[in-house]
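Undergrad: Below you will find the structure I want to go over with you.
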Amino acid sequence: MSYCIDLGRPVPSNSMFDGDPEIKRECIWTGPTPDARSLCVDRKGANLRCRSGKGKWQDIDLHLSRGTSLMTEYANPFAAPEIIVMKEQLRGWRFYDTFRCDSHAPARLPSPQTFTPVMANDGSNLAAALQTIREIGDSHIVEQAIEEAFPGSQLYVQSGESGMQVVLTQPGMLRGLTARELSDGTLRYLLLLAALFSPRPPELLVLNEPETSLHPDLIEPLANMICRAAERSQVIVVSHNQHLVAQLERDDICVPVRLNKETGETIVEGTDLLSQHGWKWPAR
388 MSYCIDLGRP
398 VPSNSMFDGD
408 PEIKRECIWT
418 GPTPDARSLC
428 VDRKGANLRC
438 RSGKGKWQDI
448 DLHLSRGTSL
458 MTEYANPFAA
468 PEIIVMKEQL
478 RGWRFYDTFR
488 CDSHAPARLP
498 SPQTFTPVMA
508 NDGSNLAAAL
518 QTIREIGDSH
528 IVEQAIEEAF
538 PGSQLYVQSG
548 ESGMQVVLTQ
558 PGMLRGLTAR
568 ELSDGTLRYL
578 LLLAALFSPR
588 PPELLVLNEP
598 ETSLHPDLIE
608 PLANMICRAA
618 ERSQVIVVSH
628 NQHLVAQLER
638 DDICVPVRLN
648 KETGETIVEG
658 TDLLSQHGWK
668 WPAR
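For the sequence shown, my numbering gives the first residue as 388, with consecutive numbering after it.
Quick look at the structure:
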């Protein structure tokens with residue numbers, strides 16, 4: 388099942404918001420290419436129609452505003468089950484943009500002692516997420532990722548009255564270091580580990596500049612984690628680090644997309660990203 392949303396400039400008016408984009412068309416269809424037979428849901432401007440179980444189009448009594456998606460405004464499992472299915476698919480995508488690693492970062496605080504198959508975007512439940520991976524996920528892959536990044540170190544989770552907290556023991560240290568004491572790079576690596584090895588992997592996982600604040604020695608272990616996660620999910624990595632990119636490109640499943648800036652515009656190097664895979668954009 389496929390979905391597209393087409394945004395464009397509104398009809399010129401006297402409104403002070405005439406620069407706001409409006410939704411020209413939204414479609415849901417089966418298969419890779421939208422055509423008259425594969426369309427299930429079709430929105431043009433403010434009008435919405437859905438195909439019934441018998442294959443006939445039905446106009447939906449709903450006026451959609453120009454800046455509002457049908458995904459947020461309409462939900463009827465009987466008239467348009469495809470919308471419900473697509474919503475759940477989109478809802479399952481995960482985006483990890485930046486992780487706070489400052490002294491007051493949520494990831495440095497104890498987390499509630501509760502089952503956590505998916506780490507929060509801010510890493511506030513890091514300890515619980517790591518422990519969940521150990522108990523119902525692949526504990527061996529966690530140990531391997533720690534050994535690759537910090538040879539001889541061990542990661543474990545402590546529980547106490549204030550909740551659960553991460554502790555990392557390292558060779559030569561007389562005691563383990565809690566999340567409050569870890570360096571920014573070490574903490575970020577643990578956050579990426581929890582995001583990539585979730586026991587409930589998403590269909591799509593997006594990491595934006597995961598190399599930020601990481602020591603150069605951690606780039607290769609990070610690439611290894613990303614490649615392992617890509618065996619279970621589609622992983623999109625946005626990076627400016629050439630070493631990380633080179634490590635990822637060693638994997639056969641990696642599809643590099645390089646961007647260039649020309650006269651202030653960001654373009655895809657050497658090709659048109661929307662047409663290289665046979666994408667056909669529905670007409671307005």
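Virtual Cβ for every residue (Gly too), placed ideally from N, Cα, C.
#1: Nearest to Leu583 by CA position, among Gly563, Ser600 and Arg619, is which residue?
#2: Just to confirm before moving on: does the CB-CB distance between Ile415 and Met388 stay below 8 angstroms?
#3: Among Gly510, Val505 and Glu475, which residue has its Cα nearest to the Cα of Ser485?
#4: Is any beta-carbon of chain B found at less than 8 angstroms from that of Phe482?
#5: Pick helix, strand or coil for Thr573, following the three-state DSSP scheme.
#6: Which of the three DSSP states is assigned to Asn611 in this structure?
#7: Do Pro399 and Asp393 have their CB atoms nearer than 8 angstroms?
#8: Once you ignore the five residues that flank Val505 on each side, which residues in its own chain have a CB closer than 7 angstroms to its CB?
#9: Go ahead and label Val644 buried or exposed: buried means 16 or more other beta carbons lie within 10 angstroms of its beta carbon, across all protein chains shown.
#10: List the residues that DSSP assigns as beta-bridge partners of Leu394.
#11: To which residues does DSSP link Gln525 through a beta bridge?
#12: If you follow the alpha helix (DSSP H) that Gln476 is in, where does it begin and where does it stop?
#13: Name the one or two DSSP bridge partners that Lys431 has.
#14: So who's on the other strand from Asn595, going by DSSP bridges?
#15: Assign Glu568 to one of two classes, buried (16 or more other C-beta atoms within 10 Å of its C-beta) or exposed (fewer than that).
#16: The beta strand (DSSP E) that contains Met551, what's its start and end?
#17: With a CB to CB cut of under 8 angstroms and the five nearest residues on each side skipped, what residues in its chain are close to Tyr576?
TA: Inspection of the coordinates gives the following:
#1: Arg619
#2: yes
#3: The displayed chain sequence assigns Thr, not Ser, to residue 485. Closest by alpha carbon: Gly510.
#4: The chain inventory of the structure shown lacks chain B, comprising one protein chain alone.
#5: Under the three-state reduction of DSSP, Thr573 is assigned to helix.
#6: helix
#7: no
#8: If we look at Val505 and ignore the five residues flanking it on each side, its Cβ neighbours are Ser585 and Arg587.
#9: exposed
#10: Ile410
#11: One point to set straight first is that residue 525 is Asp, not Gln, in the sequence displayed. Note: Asp525 sits in no beta bridge, so no partner.
#12: Pro468 to Arg478
#13: DSSP output for Lys431 lists Arg412 and Asn434 as bridge partner(s).
#14: DSSP, once it has assigned bridges, lists Val625 as partnering Asn595.
#15: exposed
#16: Per DSSP, Met551 is one residue of the beta strand (DSSP E) stretching across Gly550 to Thr556.
#17: Ala536, Leu601, Leu605, Pro608 and Leu609
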